[in-house]
Structures are given as structure tokens and as C-alpha cells.
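What follows is a set of notes on a single structure, which appears directly below.
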């Protein structure tokens, strides 16, 4: 056999393998190789490997513990939400940034999560410490979200947090993003302090910071947040899983053609549906992972 003929045979052989990997056919007992046990294990290995490599290249950690949240991005997302409601933009204030950083550092130092510290320290302490005079102020907190878009989306899905973002009285804002260990776990905390400044002087004792109380996010909200904070590696994995769902669906349509001696009758008629369900659950799990976090 000549070298050209060998190449043609190899191409045909490769093409046939690809077809049998994704298309139900008599030659693969109408069960594409890609959705068989060994095919699914190979895909799972590829997905996990992609996440590990991406996280390590981006953050230096295989777990991707560091969030990709910047102060400018938080400001942009905040003003985007305000513009949609016909409100004036807020400006980034250095003193508010400093106060927010002091608050984040205090949470890590004293190991707590909330507006008030265990020793009774209130949010306005940090504004006093940086000598920020105000007539009205508010505080939002977020923990373990991956992007500024996800943080803002979570706040907007909570009534109390949304009030702070869309309060027409506020003209300035400050942010802090800090990472560390909180209650024995790696955490990234975002602190937002909103304010309406007054002339420099003593802040009235009864002028407190309005802290948005922690709210729970619905499943739909977390899925939406996950879509906004998904990484390219995770997005590629979801696309691959969606393709596998299509392959499994096609196999399900050909379930009656599977030879009776291949599988137990119940599995033979449901193998495609089972694989589709598995892919769908994995996609939901990935979205919920990236939509996780606390406010």
C-alpha cells in the first residue's frame, strides 16, 4: 500500500471514529462513545483540568480563591444601575475607600462577618476615623463573589442592599476588596460605603450608617449571578456539556434500536435521558458555584 493510500485510510478511520463518538449507529450499538462511561470520564477529566489550569494561571491557586473584583469595576456597575433608574452618578471618594478598607481589615482581624463587630463597634466608626463628615451614609457587604458584576447583581437582588445603591441622596461611594482567612476559610470581602458629605466638622451623634441587613438570594438570582461571573474555562465547559446533552438526546431518540443483549431493558431505554440529566445537573452545579457568595 502506498503512503497516499495509507493517509486516505487513516483519514477515513479517524472520520469514522469521530462519527461513532457522537452519532448513534449500528456500529456503536446506537450508543455514541462520547456518552459512554469512558467517554464521560474523559470529558470530566478535561473539565476539571481546564478549571485547575485557568485558576492557577489567573490567581496562582488551583482553587481560584482570589476574586477578580476591582474598585473601578464596582463603581462602573454601581453607576450603571443608577443610570438605568435615572439617578445621578456617585463619585469615588478616597476617604470612603480608606474607611471601607479599615472595615474589611477589622472583620479579618476580629473574625466576624456583619455590620457590627462583636465588641459593639458600629460602621460609622470608620468614617469618624478617616474624618469623613456626612449627613447620610450606608454600608453594603459582600463575601466570596468572583466579579464586580456578580457583587452588584447580588446587591440589586436584595431589597435593603438595592436601596443603598439606588438612594438618590448619595453622591459619593468608597469600596474595599480584601482577601484573607475568615473563620478558618479563604474569603474575599467587598465593603461599599455610600455617603452624602457635609461641611467638615463634627458628625452628629445620631447620624448612623444604614447597614443593609444580610439577605438570601433565590435560586434564579444565583443562576443569573453565576452567568455574570463565569470564567472562560467554565463557559467552555458548559458549552461542552451542552453539546453532550445534544448527543445524549439524539441517542435517546434511537433507544429502541439498541440490541436487547447490550443492557438491562430499563437502562437501554433510559440511558440517553439519564446522561442528559447528568449533564444538566453538572451545568447547574457550575453556575451555582460561581453564583455563590453571601451578602
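Residue numbers (the numbering used here): 513 to 807. Backbone N, C-alpha and C fix where the C-beta goes; we use that ideal spot for every residue, glycine too.
Residue 548 and residue 752 have their C-alpha atoms spaced approximately 15 Å apart.
Taking C-beta atoms as the reference points, residue 611 and residue 586 fail to come closer than 7 Å.
Per DSSP, the continuous beta strand (DSSP E) segment holding residue 687 begins and ends at 684-694.
In its chain, beyond the 5 residues on either side, 746, 749 and 750 have a beta carbon closer than 7 Å to the beta carbon of residue 798. Residue 592 and residue 559 have their C-alpha atoms spaced approximately 34 Å apart. Note that the C-beta distance between residue 802 and residue 741 is below 7 Å. Spanning the alpha carbons of residue 546 and residue 552 requires a straight line of approximately 6 Å. Judged by DSSP secondary structure, residue 762 falls within the alpha helix (DSSP H) whose first and last residues are 744-765. Assigned with DSSP and collapsed to three states, residue 540 falls in helix. When DSSP assignments are scanned along the region 570-648, the uninterrupted stretches of alpha helix (DSSP H) that are 4 or more residues long and fall wholly within it turn out to be 583-596, 606-622 and 636-641. Shortest Cα-Cα distance from residue 582 to any of 658, 673 and 602 involves 658. Cβ-Cβ separation between residue 690 and residue 617: approximately 7 Å, consistent with a contact (criterion under 8 Å). Residue pairing by DSSP puts residue 708 in a beta bridge opposite 648. According to the DSSP assignment, residue 732 belongs to the alpha helix (DSSP H) that extends over 731-741. Contact between the region 754-772 and the region 782-790 is present: 3 or more CB-CB pairs across the two stretches fall below 8 Å. Comparing alpha-carbon positions, the option among 606, 543 and 792 lying closest to residue 783 turns out to be 543. Residue state for residue 807 is assigned as coil, using DSSP reduced to three classes. Inclusion of residue 704 and residue 669 in the CB contact set at 7 Å is not warranted, their separation being larger than that value.
Taking all protein chains in view, the Cβ of residue 763 is crowded by 16 or more other Cβ atoms within 10 Å, so the residue is classified as buried.
Comparing alpha carbon positions, the residue from 743, 804 and 696 closest to residue 565 is 743. Under the DSSP assignment, residue 668 falls in the alpha helix (DSSP H) whose first and last residues are 660-668. Taken atom to atom, the span from the alpha-carbon of residue 597 to that of residue 678 is near 8 Å.
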